[in-house]
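Chemist: Can you read through this structure? Questions will come right after.
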Amino acid sequence: MRTSTVRRVGLSVAVAAALTSVAACGGSDSKSEGGGAAATKAEPIAALLAVQKKTGGANSAKVEGTTTMGSTMAMKQTGAIDWSDGLSGALEITYTGGTMADTLKQAGSDGTMQARYFKDGYAANMGDAFAQQAGGKHWINYSYEDLAELSGASGEVMKDQMQNTTPDQGVKALLASGDVKKVGQEDVRGVAATHYSGTVDVAELTAKNSELDAGQLAAFKKQLSDAGISTEKVDIWVDKNDLLVKKTERGQMKTGELNSTVFYSDYGTKVSVERPPASDSVDFSELLKQQQGASGGAS
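Take a look at the structure:
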């Protein structure tokens, strides 16, 4: 099978990034309630604690967003996610620019794929061009254990995010930052919403809220440094029912701007996700074994 390991790893991370952009920010759970904040910050902190509780307890929502990660990728994603018992859902992802879109075009793809997410991993439909190389199988199954092993410390962080986080993580990140402020009232797609903003130290937040050991955390911080990522500006918009309706994250990478915008709607929507048929799917770990066995030729 003449497939590229680098390409498959890149796509696995890209599919993971599509979900983390709509469901998380920075780290896992945060217990910070801003106890040391000045009196002028009391109002936004109290309001965001209510948003955290209401959004976190809503269990599911429809999502629509765009993500840019420097020159590596630009994508848009749409679908629905459920976080009532772990994180699950389905997204349609379209790669609109960057080296990832170029790679997909070279592989014969139109740049659009289906992704399904489960408590223990996710599956991506790679299209007909891939199926021609994979015995007619369209789907690749990735376990979060595979992702952690392939990507090192950042994989452990992403594994933690994808297994445990929910759309209210952007709210928790602002609460943990100690930098949150109320911007004002704005309209979001016809919905009256309150805008809050703050700056998050990515490495610091991850250190507080992940279960990485000292070695993994050091490696993760080095990966952030190598990528040029230090802080993210997080903005959220909340409706009158204390539900998140929009979230943006912006930062800078060595390869360019990190920019994510996500809209949330239809809280409580029913989300049903089926695993792809075994006859039409292959495990990523099996692909690696096959490629390693043929390592004398392909690169």
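Just so you know, we're using the numbering used here here: the sequence shown kicks off at 101 and counts up by one.
All C-beta atoms, glycine included, are put in the ideal place defined by N, C-alpha and C.
Which first and last residues belong to the beta strand (DSSP E) in which Lys162 is found?
Modeler: Ser160 to Met169
Chemist: What span of residues does the alpha helix (DSSP H) with Ala201 cover, start to end?
Modeler: Gly198 to Gln206
Chemist: At which residue ranges does the region 334 to 375 contain complete beta strand (DSSP E) runs of 3 or more residues, listed in the order of the chain?
Modeler: 344 to 353 and 356 to 365
Chemist: If you check the beta carbons only, do Thr196 and Ala174 fall under 7 Å apart?
Modeler: Yes; because the gap between Cβ atoms is below 7 Å, this pair is in contact.
Chemist: Less than 7 Å between the C-beta atoms of Thr155 and Glu164, yes or no?
Modeler: no
Chemist: Could you please give the first and the last residue of the uninterrupted beta strand (DSSP E) stretch that includes Asp228?
Modeler: From DSSP, Asp228 is part of no beta strand (DSSP E) but of the alpha helix (DSSP H) over Asp228 to Gln233.
Chemist: Inspect the CB distances between the region 158 to 172 and the region 182 to 197 and report whether three or more fall short of 8 Å.
Modeler: yes
Chemist: How is Gly186 classed by DSSP in three states: helix, strand or coil?
Modeler: coil
Chemist: Just to confirm my understanding: we take Lys340, look at its own chain, exclude 5 residues before and 5 after, and list those with CB closer than 7 Å. What are they?
Modeler: So the qualifying residues of the chain are Ala292.
Chemist: Which runs of the alpha helix (DSSP H), 4 residues or longer, sit entirely within the region 260 to 302?
Modeler: As far as the region 260 to 302 is concerned, its whole alpha helix (DSSP H) runs of at least 4 residues are 269 to 277.
Chemist: State the beta-bridge partners of Thr155 as determined by DSSP.
Modeler: Thr155 is not bridged to any residue.
Chemist: Enumerate in chain order the residues of its own chain whose CB-to-CB distance from Ser171 is below 7 Å, with the five nearest sequence positions on each side excluded.
Modeler: Gly198, Thr199, Thr355 and Gly356
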